[in-house]
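Take a look at the structure below.
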Amino acid sequence: MTYSSFTLETVLQTFHLEKADIQGLFSEIEPIEPSAHLTAALARNVPLAVAINTEKAKSELIVADVLVELREELEQRISLFSGVDFNVDSESDLTGVCDFLISLSPWQQFVEAPVITLVEAKNDNLHSGLGQCVAEMVAAQRFNAEKGNDIPRVYGVTTTGVMWQFLKLEGQTLHMDMDVHTIERCDKLLGILASMVAQQA
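Taking my numbering, the leading residue of the sequence shown gets 4, the next gets one more, and so forth.
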């Protein structure tokens with residue numbers, strides 16, 4: 004089994020997590036104005052990605068641009084990985100490939116602790132990525148602890164490119180934002196992602 008084998012129900016049961024649904028979990032976060040480059044790229048790419056309507060297109064044409072913008076906004080103080088193997092604990096089925104992974108280390112040659120945010124891109128169903136994303140968040144907790152670089156919170160994102168849902172894992176409690184954000188408010192998305200890196204939310 005791999006991360007993608009988990010549903011939300013099975014990951015909660017397997018790792019004994021408590022789930023807290025919270026309306027407006029990130030509502031107080033200040034937006035960050037996107038660059039002219041990102042604004043132009045999204046204006047061009049979003050309609051194309053939606054027309055192609057595949058997970059790969061939405062990952063490459065929307066999600067990647069937003070995350071690269073985040074890295075630039077933070078002056079490359081974080082590292083960003085796409086399609087990387089993140090094999091942490093094979094006995095617990097915490098193995099597989101992450102769509103996107105963000106580490107607080109600026110080292111870009113390989114994944115270094117602490118891993119802060121995991122992003123799973125899905126074609127048209129946010130819910131289908133929740134179990135996989137949460138399993139990756141649990142793996143990040145274990146990875147960080149094993150490397151002696153534990154942090155209080157690990158974050159997750161499931162996205163169709165157009166719609167984005169945010170998660171926070173603190174200890175054994177999974178906080179799920181019941182608000183779904185859209186790419187039209189890219190400034191809000193960037194603000195939330197930056198708050199994750201800063202461990203503010």
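Ideal placement from N, C-alpha and C gives every residue a C-beta, glycine not left out.
Start-to-end residues for the beta strand (DSSP E) that takes in Val183 | If you number the sequence shown from 1, residue 183 lands on position 180. Here Val183 belongs to no beta strand (DSSP E), and DSSP marks it neither H nor E.
Cβ neighbours of Phe9 in the same chain (closer than 8 Å, five flanking residues each side left out) = Translated into the one-based positions of the sequence shown, residue 9 becomes position 6. Excluding positions up to five away in sequence, the list reads Thr17, Asp96, Gly134, Gln135, Val137, Ala138.
CB Lys171 to CB Ala124, shorter than 7 Å?
-> Locating residue 171 in the sequence shown gives position 168, counting from the first residue. Locating residue 124 in the sequence shown gives position 121, counting from the first residue. Going by C-beta atoms, Lys171 is not nearer than 7 Å to Ala124.
Among Glu187, Trp110, Ala43, Pro155, the one whose alpha carbon lies nearest that of Leu177 | Position 174 of the sequence shown, counted from the start, is the residue given in the question as residue 177. Out of Glu187, Trp110, Ala43, Pro155, the CA that lies nearest to the CA of Leu177 is found in Pro155.
Can you check DSSP and say which residues form a bridge with Thr120?
-> Here residue 120 is taken as the residue at index 117 of the sequence shown, counted from 1. Here Thr120 is bridged, per DSSP, to Ile105, Tyr158.
DSSP three-state call for Ala23: helix, strand or coil?
-> Along the sequence shown, one-based indexing puts residue 23 at 20. For Ala23, the three-state secondary structure derived from DSSP is strand.
Do Leu28 and Lys22 have their CB atoms nearer than 7 Å?
-> Numbered from its first residue, the sequence shown carries residue 28 at position 25. Numbered from its first residue, the sequence shown carries residue 22 at position 19. In this structure, Leu28 sits away from Lys22, with a CB-CB distance that is not shorter than 7 Å.
Could you say if the region 109-122 and the region 41-60 meet the contact criterion of at least three C-beta pairs nearer than 8 Å?
-> Judged by pairs of C-beta atoms under 8 Å, the region 109-122 does not touch the region 41-60, as fewer than three such pairs exist.
In the DSSP assignment, find the unbroken beta strand (DSSP E) run with Gln168 in it and report its ends.
-> Counting from 1 along the sequence shown, the entry for residue 168 is found at position 165. First-last of the beta strand (DSSP E) with Gln168: 166-173.
Are the region 66-80 and the region 31-39 touching by the rule of at least three beta carbon pairs closer than 8 Å?
-> Yes: at least three Cβ pairs fall under 8 Å.
Go through its chain and collect everything with a Cβ distance to Tyr158's Cβ below 6 Å, but skip five positions before and after it.
-> Stepping through the sequence shown from its first residue, residue 158 is reached at position 155. Closer than 6 Å at the Cβ level, and outside the excluded window around Tyr158, lie Thr120, Lys171, Met199.
Hey, would you say Val160 sits closer than 7 Å to Ile186, going by beta carbons?
-> By one-based count along the sequence shown, residue 160 stands at place 157. By one-based count along the sequence shown, residue 186 stands at place 183. For Val160 and Ile186, no; Cβs fall outside 7 Å.
Determine, using beta carbons only, whether Phe146 and Val100 come nearer to each other than 7 Å.
-> In the sequence shown, residue 146 corresponds to position 143, counting from 1. In the sequence shown, residue 100 corresponds to position 97, counting from 1. Cβ atoms of Phe146 and Val100: not closer than 7 Å.
Please confirm whether Ile105 and Ile81 have their CB atoms less than 7 Å apart.
-> The sequence position of residue 105 within the sequence shown is 102, counting from 1. The sequence position of residue 81 within the sequence shown is 78, counting from 1. Cβ distance < 7 Å, so Ile105 and Ile81 count as in contact.
Presumed contact (8 Å Cβ cut-off) between Asp68 and Leu41, rounded CB distance = Start at 1 with the first residue of the sequence shown, and residue 68 comes out as number 65. Start at 1 with the first residue of the sequence shown, and residue 41 comes out as number 38. Their Cβ separation, rounded to whole angstroms, is 6 Å, which keeps Asp68 and Leu41 in contact under 8 Å.
Just checking my contact of Leu20 with Gln175 at CB under 8 Å: how many whole Å lie between their CB atoms?
-> As a working mapping, residue 20 is identified with position 17 in the sequence shown. As a working mapping, residue 175 is identified with position 172 in the sequence shown. So it is a contact: roughly 6 Å between Cβ atoms.
Quick one, are the C-beta atoms of Thr163 and Asp127 less than 7 Å apart?
-> Looking up residue 163 in the sequence shown gives position 160. Looking up residue 127 in the sequence shown gives position 124. Taking 7 Å as the cut-off, the beta carbon of Thr163 is found closer than this to the beta carbon of Asp127.
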